[in-house]
Every structure is written in C-alpha cells, then in structure tokens.
Amino acid sequence: MTQNNRRTPKTEKKFDSSAAVINKVVIATISTVTFKLPSHV
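The opening residue of the sequence shown carries number 0 in numbering that gives the first Met the number 0; numbering runs sequentially from there.
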C-alpha cells in the first residue's frame, strides 16, 4: 500500500514498459501453448 504514495511519472513509465514486456511474454507463451495443444489432442 506504500507504493500508492510514491507515484511519480518516472515510476509510472517504468511500470508501463515492464508491464508491456510482461504482456508480450504472456501473450507469446499463451499463443505457443494454444498452438501446440491441438497436435496433442
């Protein structure tokens, strides 16, 4: 809860970019898993 008090534009930007990177990784992982699933079924 302390993080809410420390919201400066710099940390906002850092969080946004890391969130975007995490999103890309998650999407890539999900699409890979979804792509590989039908071959097993």
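Ideal Cβ positions, reconstructed from N, Cα and C, are used throughout, including at glycine.
Straight-line gap, residue i to residue j (C-alpha atoms, nearest Å)
i, j, result
"L36", "A18", "26 Å"
"V32", "V20", "18 Å"
"S30", "V24", "10 Å"
"V11", "F34", "In the sequence as displayed, the identity of residue 11 is Glu instead of Val. In a straight line, the C-alpha of E11 is about 34 Å away from that of F34."
"N22", "K13", "14 Å"
"A129", "K9", "For residue 129 there is no data in the structure shown, the boundaries of the chain being 0 and 40."
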